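Peer 1: Residue numbers for the sequence shown follow our numbering, beginning at 44 and rising by one.
Cβ coordinates follow ideal geometry from the N, Cα and C atoms, glycine included.
None of the values given here were measured: they were computed from a predicted structure.
Structure in structure tokens, see below.
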Amino acid sequence: MTAPERKSLLAYGRDEWPAKVAELGGKPFHAKIVREQVLGKGVLDYAGMTALPAGLRERLSAEVPLWSGVEVARSSAADRTTKLAIEFPREGARDAVVETVHMPSLDLDTDDEESRAGATLCVSTQAGCPIGCPFCASGQLGLSRNLRAHEILEQYVRGRALGELSRSVVMGMGEPLLNYKALTEALDAVHDEMGLGNRRVTVSTVGFPERLRAIAPTRPRFQLAVSLHTPDDEQRGELVPAMKGVPVEEVLAAGDDWFQHTGREVTYEYVLLGGHNDTDGHAQRLARRLRGRRCTVNLIPFNPVAGSPWQRPTGRDVERFRAALEAARVIATVRWSRGVESDAACGQLRLRRTQADSATL
Ligand code: SF4
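Shown next as structure tokens:
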């Protein structure tokens with residue numbers, strides 16, 4: 044059973060926060076200090092905000108919890124990846140346990156000083172996911188609910204408490220474009236108050252063409268990644284069920300539009316499922332579709348989920364696929380999943396917890 048919800052600091056939002064601080068006897072500049080301390084400096088305890096009067100610190104501690112959520116599980120891997128499962132209670136709403144993953148950089152070859160030293164945070168936008176990809180643990184559970192803006196933002200604050208934060212991918216549980224208003228509200232604070240630049244945040248979507256076309260002219264403050272997974276219409280309906288009936292070519296055309304409006308190339312994500320979508324034919328058909336387009340392909344060898352019928356491809360097969368794209372002048376990179384031994388695939392920590400909960404019922 045979840046505890047009754049108390050309104051947390053971030054739940055007040057930028058506009059209403061000064062009024063709350065005034066109610067507790069503080070001034071507008073005190074309200075500003077609190078947000079600067081939490082979002083800008085990572086001070087996660089009112090007692091440590093020594094620029095505030097002692098009485099105000101005490102009243103804040105008593106009345107405004109810092110967190111909305113509760114960390115209910117944590118796992119770490121040998122590569123220093125840390126995965127948190129956070130429960131966000133909400134009265135009258137369904138279970139919302141989401142995952143946030145902090146991945147310190149392993150890319151020691153990069154020229155980018157900040158990336159070499161930093162870490163990437165993977166955040167969730169929904170509890171569960173309505174898209175239903177059969178190779179994904181989140182897809183197996185369906186959608187519980189959309190996260191609120193402050194619940195998305197809280198993942199950033201908790202993630203930064205685990206270590207350096209230089210990049211973010213909105214690639215955890217959920218489909219970001221189905222909770223877009225909350226996402227952009229959270230990202231505004233991430234950009235403006237946490238200092239993570241527009242090019243350091245990537246939002247990953249299954250690529251609803253009409254939604255992409257609607258938001259591209261607004262020049263959103265993030266890089267776009269579209270999960271494609273196959274060049275074939277029929278197979279995409281199987282691998283990304285919510286996109287059944289939407290031709291791959293239409294998704295790619297919306298990606299072209301995105302580039303025209305924003306000047307930023309789309310990355311196409313492609314989970315390689317051994318023996319299923321990683322054949323030479325798939326590589327050739329994908330290359331034909333993408334040749335001449337301003338984009339990059341990110342190949343992600345599948346990370347097996349317990350009980351899944353899908354296989355992880357061999358290193359040789361992954362390289363063969365990448366080389367076929369490159370031969371057709373399509374830029375392709377490979378991203379091996381991080382923290383394989385600690386449930387690093389999307390939704391696995393939450394799935395395991397849910398299964399454990401069901402087993403004890
Ligand atoms: S892979 Fe992404 S879009 Fe597909 S079910 Fe999982 S979270 Fe949803």
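Put V140 into one of helix, strand or coil per three-state DSSP.
Peer 2: Strand.
Peer 1: Quick one, are the C-beta atoms of L239 and H145 less than 8 angstroms apart?
Peer 2: No.
Peer 1: Helix or strand or just coil, what does DSSP make of V383?
Peer 2: Annotation note: pLDDT 44 at V383 (below 50); position unreliable, coordinate value reported separately. V383 falls in the helix class under three-state DSSP.
Peer 1: What are the boundary residues of the beta strand (DSSP E) that includes I195?
Peer 2: No beta strand (DSSP E) holds I195; the alpha helix (DSSP H) holding it covers A192 to R203.
Peer 1: For I129, which three-state DSSP category applies?
Peer 2: Strand at I129.
Peer 1: Please find out if some non-hydrogen atom of the ligand SF4 comes closer than 7 angstroms to the beta-carbon of I195.
Peer 2: Not under cutoff, so the answer is no.
Peer 1: How do the stretch 205-221 and the stretch 238-257 stand: do at least 3 beta-carbon pairs fall below 8 angstroms, yes or no?
Peer 2: Verdict: yes, contact present.
Peer 1: Confirm the yes/no value for this check: CB of I174, any heavy atom of the ligand SF4, distance under 7 angstroms.
Peer 2: True, at least one ligand heavy atom lies under 7 angstroms from that Cβ.
Peer 1: Please report the straight-line C-alpha distance between M92 and R332, rounded to a whole angstrom.
Peer 2: For M92 and R332, the distance between alpha carbons rounds to 55 angstroms.
Peer 1: Shortest alpha-carbon distance to I129 belongs to which of L52, A180, Q198 and D276?
Peer 2: The option with the nearest alpha carbon to I129 is Q198.
Peer 1: Does DSSP put N241 in a helix, a strand or coil?
Peer 2: Three-state result, N241: helix.
Peer 1: Please confirm whether any heavy atom of the ligand SF4 lies closer than 7 angstroms to the CB of M216.
Peer 2: Result yes, Cβ under 7 angstroms from the ligand SF4.
Peer 1: Using the beta-carbon count (16 or more within 10 Å), is V115 buried or exposed?
Peer 2: V115 should be labelled exposed.
Peer 1: Smallest Cα separation from L329: which of D231, D276, I76 and E281?
Peer 2: If we check each option's Cα against that of L329, D276 comes out closest.
Peer 1: With distances taken from CA atoms, which of T125, R117, P177 and E293 is nearest E207?
Peer 2: With distances taken between Cα atoms, E207 lies closest to T125.
Peer 1: Consider the C-beta atom of G161 and the heavy atoms of the ligand SF4; say whether any pair is separated by less than 7 angstroms.
Peer 2: No, since every heavy atom of the ligand SF4 falls outside the 7 angstroms radius drawn around the Cβ of G161.
Peer 1: Thinking just about the alpha-carbon of each residue, which of P96, V377, V166 and S351 is nearest to the one in T339?
Peer 2: Residue V377 is the option with its Cα nearest to T339.
Peer 1: So for E59, helix, strand or coil by DSSP?
Peer 2: Helix, per DSSP.
Peer 1: Please determine, among A371, L190, S181 and T227, the residue with the shortest C-alpha to C-alpha distance to Q327.
Peer 2: Comparing Cα positions, the closest option is A371.
Peer 1: What does the Cβ neighbour count give for V249, buried or exposed, with the cut at 16 atoms within 10 Å?
Peer 2: Flag for V249 reads buried.
Peer 1: Please confirm whether any heavy atom of the ligand SF4 lies closer than 7 angstroms to the CB of A373.
Peer 2: The residue you asked about is not Ala; residue 373 is Val in the sequence shown. No.
Peer 1: Quick check on the DSSP output: the alpha helix (DSSP H) that includes L342 runs from which residue to which?
Peer 2: L342 -> not in any alpha helix (DSSP H); beta strand (DSSP E) instead, spanning C338 to P344.
Peer 1: Which of the three DSSP states is assigned to K50 in this structure?
Peer 2: K50: coil per DSSP, three-state reduction.
Peer 1: Using a threshold of 8 angstroms, state whether the C-beta atoms of S111 and A54 are closer than that.
Peer 2: In contact: S111 and A54 (Cβ atoms closer than 8 angstroms).
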